[in-house]
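See structure below.
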Amino acid sequence: MDEKVFDLMEKMYIEFSKRFDNMEEDIKDLKGDVGSLKADVGSLKTDVGSLKTDVGSLKTDVGSLKTDVTKINTKIEHDLMPKITALFDGYKQNADKLDRIEKEVSKHEEIILRRVK
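As numbered in our numbering, residues 13 to 129 make up the sequence shown, in order.
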């Protein structure tokens, strides 16, 4: 009976040893995975820092563009619009003059045609 108990204990010892070896291997794998995750997180932190810098730069650029657009809009409203209005008025005056001239020419053509007949 002592030998059976000894054999049983030996089998249990071998089984526990295998399980502990497997657990140690799994723990080593987990440690490797955790190390890899730490490296990935460090890389992500660096990338996020870079993105924050880029976003800050973009905000500055957008602010500058807004200022430029405001200046251009002001220039269009104050400098160009009066000039465009004046040009349009001049065009309209010329068109009116041409209409009057065409009427006069038509009258003269009628007079010339009457004399010729």
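All residues carry an ideal CB built from backbone N, CA and C; glycine is no exception.
Endpoints, the alpha helix (DSSP H) within which residue i is located
i, result
"Asp91", "Where Asp91 is concerned, there is no enclosing alpha helix (DSSP H), given that its DSSP letter is neither H nor E."
Residue i (DSSP reduced to helix, strand or coil)
i, result
"Lys129", "coil"
Item to check | Every unbroken beta strand (DSSP E) within the region 17-99, with a cutoff of 3 residues, ordered by chain | outcome: none
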